[in-house]
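Order-wise, the sequence lines are chains U and F.
Note that the first sequence covers residues 1 to 54 in the UniProt record's numbering.
Note that the second sequence covers residues 1 to 329 in the UniProt record's numbering.
Cβ atoms here follow ideal geometry from the backbone N, Cα and C, with glycine treated the same way.
Single-structure report; data block below.
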Amino acid sequence: MRGDFELRTQSGEVIDGGRGTVALCRCGLSAIKPLCDGTHKVGGFHASGGDRER
Amino acid sequence: MRLPHPRGPVSAAVIDALGHPCPYPLAVPPADGPVDGIVHDEDLQLALWTCYEMHYRGFDGVDDDWEWAPSLIAVRGALEERWLAGLRLLAPPVEVEPDAVPSALAELVAADDGPSLAGFLQRKATLEQFREFVAQRSVYHLKEADPHSWGIPRLEGSAKAALIEIQVDEYGGGRVERMHSELFRDVMRALDLDDDYGHYVDQAPAVTLAVTNTISLFGLRRSLGGALIGHLAAFEMTSSLPNRRYGNGLRRLGGDATATRFYDEHVEADAVHEQIAAHDLCGGYARQHPEAASDILFGATACLAVEAEFGRYLLGRWESSPEPLSRTA
Ligand SMILES: [Fe+2]
Ligand SMILES: [Fe+2]
C-alpha cells in the first residue's frame, strides 16, 4: 500500500508501519498483522485476481 | 581496511601492485581451464573482490587512482569473464515472457531448494557458530545495499523510482541509526565481533566473497543491469522468513532487542521490498526493456545459487568440525 494513509487498530490506535509504503497481510498467517511478514509463501496462499488487485 | 593477504598468483599480483603508487606495472598470469566450481576458487574470488573494492571504500595506504587504472581494469575484466561463465553454469537460462517476469520470479523462489541455514541457526547453532555466520555475513552487510545502488543511474522512470524506494529504506530513510549496515553493526557488537568495515575479509572463504562479487559484477557492468535487479528481487523475496529464523536463533542464544533488531527489521521491511522489487522494479523494467526479461531471471537464479553454495559451505563445515574457525574468533 502506497500513498497517503494511516493504519489503525480496531480500537483506534495508530499503527506505525515503519515506512512510507507497507505490505498488508492478506493470507491471515502473518505474525505481525496487519503487516505482511512473508509467511504467505509457507502457507501457499495465492491472491485471487492476480497482479491488478495487489 | 587493510589490503587482504593473497591466496594465489593472481591475487598476489593484484595486491602487490596496489601497494605501489599508480601507475605501476601489473601483469597477471593468464587463467584458463574449467569454470565449474569457480565459486570456491580462493585466488580468483579474492583478486576480483580486491579489484571491486577499489570502487567502494578502497584500502588503507592504497592510491585511490588505482580505481580506473587501465591495467587493473584489464585484470578485472579477464577475471569477470571467468566468473560470469561460472555463474552461467550455476544459473542456467530461464525463458520468460516480459509480462510474466513477476510471476516467474515468484515461481523461482518457491522452487528454491537451497540448504536450510536459517533453520539450523534458529534451532541448533551454538553461539560460536552464530558468531561465525555473522562474521562471514559482515563482508556484505557492512556495505549492505551499496552494490545494488550502482543500478540507480542506469534506470529510468518507474523502475528507477522503485529501486529508490527500496534503497531509501535500506539506508534508513537517511537516518544513520536506522541504516541497515548500522543495524548490522549492533548485531556484531552484541556478539563481541569487530565491526570495522572489511575486518573479516581475510577469514572469509571464496564462497563468502562470491556472494558480494556476484552483485558487484552485475552492478558495475551496465550490460548486466537486468541481472542486477533480478538479483535484488530474489534477495528480497527470500529474506523475510530466514530473517525471522535468524532473529529467533539469536534470541535463543540470549540476544536482546538491540542485537536482533537487524533481523526483526528485515522481516517487516523485506516483505515490502519483495513486492516493490518483483512488480514495480523487475516488472516495470521488463515492460521498458522486453529483451532483458531473461537477464532478470538469470540474476535471480544466480543469487539463489550462490546463496545456496554459501549455506552448503557453512553447514558442511559445522557438520565436519563443530569447532569454530579460530581465525574468526
Ligand atoms: Fe536491508
Ligand atoms: Fe530489503
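Closest in alpha carbon position to F/S138, among F/R154, F/G61, F/G151, F/L183, is F/L183.
When beta bridges are read from the DSSP output, U/I15 appears opposite U/L7. The criterion of a C-beta distance shorter than 7 Å is satisfied by F/E165 and F/I276.
Residues of chain U with a Cβ closer than 7 Å to the Cβ of F/A190 do not exist; the shortest Cβ-Cβ separation is about 21 Å. Proximity of U/R8 to chain F, defined by a Cβ-Cβ separation below 7 Å, is not satisfied. The set of residues with a C-beta under 5 Å from any non-hydrogen atom of ligand 1 comprises F/E170, F/H180, given in chain order. Interface flag for F/S158 against chain U is unset, since no Cβ pair is found closer than 7 Å. Put simply, the region 46 to 53 of chain F touches the region 203 to 217 of chain F. At least three CB pairs are less than 8 Å apart. Of the residues U/R8, U/V14, U/C36, the one whose Cα lies closest to the Cα of U/R26 is U/C36. Around the C-beta of F/S320, fewer than 16 other C-beta atoms lie within 10 Å, and the residue is accordingly described as exposed.
Residue contact check for F/V14 against chain U: no CB pair falls below 7 Å.
Rounded to the nearest whole angstrom, the CA to CA distance from F/L3 to F/R317 is 26 Å. F/T214: member of the alpha helix (DSSP H) spanning 206 to 220, first to last residue.
In the DSSP assignment, U/L24 is bridged to U/L35. Taking each of F/F133, F/E170, F/V168 in turn and checking the Cα distance to F/L193, the smallest one comes out for F/F133. By the neighbour-count criterion, in which 16 or more other beta carbons inside 10 Å mark a residue as buried, U/F45 falls on the exposed side. With a beta-carbon spacing of about 16 Å, F/L108 and F/L228 fall beyond the 8 Å limit used to define contacts. Not flagged as an interface residue toward chain U: F/E236, since no C-beta distance is shorter than 7 Å. DSSP places F/W66 in no alpha helix (DSSP H); its state is neither H nor E.
A residue is called buried once 16 or more other Cβ atoms fall within 10 Å of its Cβ, and F/H20, having fewer, is exposed.
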